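Just add 393 to wherever you are in the sequence shown, counting from 1, and you've got our numbering. Glycine included, each C-beta is placed from N, C-alpha and C at the ideal position. Note that the coordinates shown come from a computational prediction; the quantities given were computed from them, not determined experimentally.
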Amino acid sequence: MDDVTGEVTDLLQHLIRNACVNDGAPESGEESRNADLLVSYLEGSGVDLERYEPVAGRASVVGRIDGHDPDAPALLLMGHTDVVPANPDGWTRDPFGGELVDGEVWGRGAVDMLNLTASMAVATKHLAEEGFRPAGNLLYLAVADEENLGEAGAKWLVEHKPDAVTADYVITESGGIPFPTPTGIKLPIVVGEKGTHWTTVRVRGTPGHGSSPLLTDNALVKAAEVVRRIDAYRPDAQIHTTWRRLVESLGLPPELSEPMLEPEGFREMCEALPMVGLARMAHACTHTTITPTVVRGGSKVNVIPDWVDVDLDIRTLPGQSGDQIDAMLREALGDLADEVELVVRQHDDATESPADTPLWETLQRVSSKLFPGSATVPLMMMGATDARFFRRTGAVAYGFGLFSQHITFDEFSSMFHGDNERVDQESLRLSTELWEATARDLLGA
Ligand SMILES: [Zn+2]
């Protein structure tokens, strides 16, 4: 094992063991422990370090290598330091043990995304130690609170400390999982993310005695029909530019690629795909999705409920407004639409960066050297990352990283927020080399 692999492995193990679990509560996370770890790792290497702690215990760290040309573009490498909770019952190893077993590091955060947070730190430190003097600034951001809404992390930094984190180009999670095709390995670069429009459907009824249900107005019975209609609703497939470019660049035979560009029959095509992770992604990338997730209501076993709330996790495509989504919901509910109230809990527009940029060209050039014969392809993500805050400042923000071929795409998607999360050391080495080469190629000397 070479020195770089050992160094990034060790740093990742320590980040996992700090267990900066963000359960959504404002006081959870305690990312200061990972911030302190990264400060002590980077200190003395020549990287300028600044620590920001908007909420006690929730620190983020910015490291900089300043460029010599104030007009040259700046690159920000951004990794989050928090992780989602893990239930040890479903794991074969301690989710916070950071064990190294047969060349794999186990633990919560191994792929989301302490692996990249660690490899970005190692690359930045090595560049500084070698006396790297770029034209444009190189920034490293280890950020808190990505797994909730970024209120104590990226959102706060962009709003309150823009001078510290603003950059022309940003790279964060999550792309680069090698996808084998008949024309070679494709490496997805995440160029955009769907938006959210979390809505509560409040269903009203009339209270009464549970012993005599005939001709009553039971909110729970009505809510069941609301859920059924939403599940049966079929929004049209949207073959947007990013999806079209992805399919066209996969180099698949026409009998496979043509149905992927045809809205008619798209859902049935997804259902017939042999890999369920891929099927879910293909469907989610091209559709507005509306998923009932939480139900609240009822007070007592012998009381007919007079209200029930149903929460919907709604994910939107670029260009879709809240009004458009509300109209879709009304269409889905039909004659029940007038009997319920729609309460929007959280709206966040989808974001997208162009795919024809100098950063794209750099990533294509650099990754095809590390992964001979590979080509980068654009992808829209279902979930949100901190990249959205930076796209809104005008930055080009992508999700990328490099992974070995030891783990399949389906295994990979099941480990995000799932059980038995782990990463192999070759992936850690590849990403570290990727960040160093990207900084050299993009920022010049
Ligand atoms: Zn993440």
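Bounding residues of the alpha helix (DSSP H) (the contiguous stretch that carries residue i)
i    : result
Q406 : D396 to R410
Q739 : Unbroken run through Q739 is the beta strand (DSSP E), V733 to D741; no alpha helix (DSSP H).
P447 : Per DSSP, P447 belongs to no alpha helix (DSSP H); it is in the beta strand (DSSP E), D441 to V448.
F338 : Summary: the structure shown does not reach residue 338, with the chain confined to residues 394 through 838, and so no result is reported for it.
M506 : Segment: none, M506 is in no alpha helix (DSSP H) and carries neither H nor E.
A428 : S425 to L435
T485 : Neither: T485 is in no alpha helix (DSSP H) and is coded neither H nor E.
T755 : P751 to L763
According to DSSP, residues forming a beta bridge with residue i
i    : result
A780 : Its beta-bridge partners do not exist; DSSP assigns none.
A772 : Sequence inspection shows Leu at residue 772; the Ala mentioned does not correspond to that position. Answer is V583, bridged to L772.
Y791 : I564
A535 : V454 and G472
H590 : H740
D624 : For D624, which the question treats as bridged, DSSP gives no partner whatsoever.
G577 : T574
V414 : V476
G601 : I697
R638 : Bridge partners of R638: none, in fact.
R493 : Rather than Arg, the amino acid found at residue 493 in this sequence is Leu. Partner(s): V498.
R595 : D702 and E734
E745 : G585
Residue j beta carbon less than 8 Å from that of residue i
i    : j    : result
G472 : L509 : yes
R627 : R660 : yes
Y791 : I632 : no
V440 : V558 : no
T359 : N427 : Outside the modelled stretch of the chain, which goes from 394 to 838, sits residue 359, for which no answer is possible.
A617 : R597 : no
L430 : E436 : no
P646 : P571 : no
V789 : S746 : yes
R708 : K587 : yes
W753 : I582 : yes
K548 : Y434 : no
T684 : M721 : no
A528 : G460 : yes
L705 : W591 : yes
L729 : V401 : no
L580 : F764 : yes
D741 : T593 : no
D803 : L643 : no
G577 : G766 : yes
E814 : R501 : yes
T786 : E539 : no
E552 : S438 : no
A830 : V759 : yes
L408 : A545 : no
E566 : G794 : yes
L639 : L772 : yes
D834 : T755 : yes
A630 : P656 : yes
K615 : E424 : no
L469 : L532 : yes
Element boundaries [beta strand (DSSP E), containing residue i]
i    : result
W499 : E497 to W499
M471 : L468 to H473
R370 : No statement about residue 370 is possible, as the shown extent of the chain runs from 394 to 838 and does not include it.
By C-beta, the residues closer than 7 Å to any heavy atom of ligand 1, given in chain order: H473, D505, M506, E539, E540, E566, S567 and T778
Complete alpha helix (DSSP H) runs within the segment 647 to 719 (minimum length 4 residues, chain order): 647 to 650, 659 to 664 and 669 to 679
Runs of alpha helix (DSSP H) lying entirely within the segment 535 to 559, each at least 4 residues, in chain order: Fully enclosed alpha helix (DSSP H) runs of 4 or longer: 547 to 553 and 555 to 558.
Whole runs of the alpha helix (DSSP H) within the segment 795 to 834, excluding any shorter than 4 residues: Runs found: 802 to 808.
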